[in-house]
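*Asks:*
As structure tokens, this is what we get:
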């Protein structure tokens with residue numbers, strides 16, 4: 001998929017994968033601002049069963065400050081979403097939005113170096129799982 005950076009983790013429990021993802025995000029300068037429990041939300045709102053699935057709202061404040069200084073409307077793209085979800089086969093997938101793909105169409109060339117930096121950070125976060 002061209003709009004995400006992802007990796008499937010085999011034989012790792014969901015909670016452990018989520019914990020390791022948060023640790024890796026911290027090591028790259030991200031904080032997790034939000035955690036949306038998709039499994040619980042879909043059960044409560046729609047009565048639908050989902051496997052364990054969360055969306056983590058990750059923010060690197062230094063980079064957020066830089067891009068918001070260029071154009072405050074970029075706030076609509078923040079924070080970076082990182083998902084952790086259990087697949088049908090019991091394995092866990094971790095995926096993050098590709099900031100280059102997300103920011104590529106906004107037409108602000110000054111943002112591109114920051115999007116590339118964040119891409120590399122997220123690639124390391126997921127690659128080291």
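In the UniProt record's numbering, the protein residues as written are 1 to 129. We treat Cβ as the ideally placed atom computed from N, Cα and C, and that holds for glycine. Remember, it's a predicted structure, so these values are computed and weren't measured experimentally.
#1: What residue range is occupied by the uninterrupted alpha helix (DSSP H) comprising residue 71?
#2: Let me know the secondary structure DSSP gives residue 91 once reduced to three states.
#3: Give me the Cβ distance between residue 21 and residue 94, rounded to the nearest whole Å; I'm assuming they're in contact under 8 Å.
#4: Is residue 102 helix, strand or coil by DSSP?
#5: Considering Cα atoms alone, identify which of 14, 97, 49, 80 is closest to residue 33.
#6: Quick one: using the 10 Å Cβ neighbour count with 16 as the cut-off for buried, is residue 89 buried or exposed?
#7: Going by C-alpha to C-alpha distance, which of 129, 41, 122, 87 sits closest to residue 98?
#8: Between residue 25 and residue 82, how many whole angstroms is the CB-CB distance? I'm expecting something under 8 Å.
#9: Looking at residue 96: is its Cβ nearer than 8 Å to the Cβ of residue 78?
#10: Could you give the first and the last residue of the continuous alpha helix (DSSP H) run that contains residue 30?
#11: Distance, Cα to Cα, residue 127 vs residue 5?
*Replies:* On the basis of the coordinates in this document:
#1: Residue 71 -> no alpha helix (DSSP H), and no H or E assigned at all.
#2: Coil at residue 91, not helix or strand.
#3: 5 Å
#4: Of the three classes helix, strand and coil, the one that applies to residue 102 here is helix, per DSSP.
#5: 80
#6: Residue 89 comes out exposed.
#7: That would be 122, whose Cα lies nearest to the Cα of residue 98.
#8: 7 Å
#9: no
#10: Annotation for residue 30: no alpha helix (DSSP H) segment contains it, and DSSP assigns it neither H nor E.
#11: 9 Å
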